[in-house]
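Have a look at the structure below, then the notes.
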Amino acid sequence: MRASIAAVCSVLLAVSHMCNCQLSKLSQAVADCGSDLKLTPEVTTKITDTIGKHLAQLKQDSQLAQVGAAIERDVRNLLNGAGVADKYSAFEACVAKKVS
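Read left to right, the sequence shown gives residues -21 to -1, 1 to 79 (mature numbering (1 follows the signal peptide of the UniProt record, and there is no 0)).
Here you go:
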């Protein structure tokens, strides 16, 4: 079963309600996976910033699905804009594996 970035974020938030240690783990996973998949540092930083921005806006658990969908959309758009849209699935799987 493939876990989406949105699902990974949702699980981390549900467990920790934005515990800094969990968010730093997610940020590190994004950085590691960006490197593994040969994404530029700029793209990886934009992805990390985008995820952080959306998570900071999360105020209650009922918003998890909405915020998760926004994260997925924006990450896909960033990868598409960088000309590497085909790497989304691999990136998503990598992040899910590293944070689990």
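Backbone N, C-alpha and C define an ideal beta-carbon position, used for all residues, glycine too.
Beta-carbon separation of Val46 and Tyr67 under 9 Å? Contact flag unset, no.
Tell me whether the beta-carbon of Val74 lies closer than 9 Å to the beta-carbon of Leu18. In terms of Cβ geometry, Val74 and Leu18 do not form a close pair [threshold 9 Å].
Please name the residue in Glu21, Ser6 and Gly31 whose C-alpha comes closest to that of Gly60. Among Glu21, Ser6 and Gly31, the Cα nearest to that of Gly60 is on Glu21.
Do you know how far the Cα of Leu37 is from the Cα of Leu43? Approximately 7 Å, taken between the alpha carbons.
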